[in-house]
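Colleague:
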Amino acid sequence: MAVLCFILGLIPAGIGFVLNWAVRKVNLAGSFWASLVFLLIWGILSYLLGSKCKNTKTVVLGLNAVAIIGVIYVALQEYVLHYSVLGGRVSSFFNYFFMPGNPLSFMFLSNMHRFHYVVLVLIDLVLMVIVSIVGASYGKVKHN
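Position one of the sequence shown corresponds to residue 2 (my numbering), numbered consecutively onward.
#1: Enumerate in chain order the residues of its own chain whose CB-to-CB distance from I134 is below 6 Å, with the five nearest sequence positions on each side excluded.
#2: Do the region 119-128 and the region 44-51 make contact, defined as three or more Cβ pairs closer than 8 Å?
#3: V4 to Y139, Cα distance in whole Å?
#4: Which of the three DSSP states is assigned to F109 in this structure?
#5: From Y97 to V72, what does the alpha carbon distance come to, in whole angstroms?
#6: Please state if the CB of G17 and the CB of F99 are separated by a distance shorter than 8 Å.
#7: Just confirm the distance between the C-beta atoms of A23 and P104, as a whole number of angstroms; I'd bet it's less than 8 Å.
#8: First and last residue of the alpha helix (DSSP H) that includes N65?
#9: Return the CA-CA distance between G10 and P101, expressed in angstroms with no decimal places.
#10: I'd like the list of long-range same chain contacts for L121, defined as Cβ closer than 8 Å, with 5 residues on each side in sequence excluded.
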């Protein structure tokens, strides 16, 4: 079940790729509603997996493992190396991965004059983890 959670944890990259296309074609510039829909989908997915898994920790860690790796990669890239060590494809993947949550995360950073991309990505991760904890816990309680 942990492998299934990890594989389903790659969904935000696909959603981000579609959002990137939509931004370019339809001029859908950073839609707040897209972030809310993404978090709703993330919560429903966590709910469904939480009802099937033995514990909530498996769902939360499995779904958010790629996001945790992404935050570590972005922090390493920005603060230590100052360039993309694995090339543009990996950096593009993580940019697509965090794109669905960015408009909502920008709301938390809107009054800051200067911030780092790592802070934005970290807020995305925190939102995803909170939603997955709530969804998985509710699914566990509802189906037990």
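Glycine is no exception: its CB is placed at the ideal position from the N, C-alpha and C atoms.
Modeller: From the atom records:
#1: V61
#2: no
#3: 21 Å
#4: helix
#5: 13 Å
#6: yes
#7: About 12 Å; that fails the 8 Å criterion.
#8: T57 to A76
#9: 13 Å
#10: F99, N103, S106, F107 and L110
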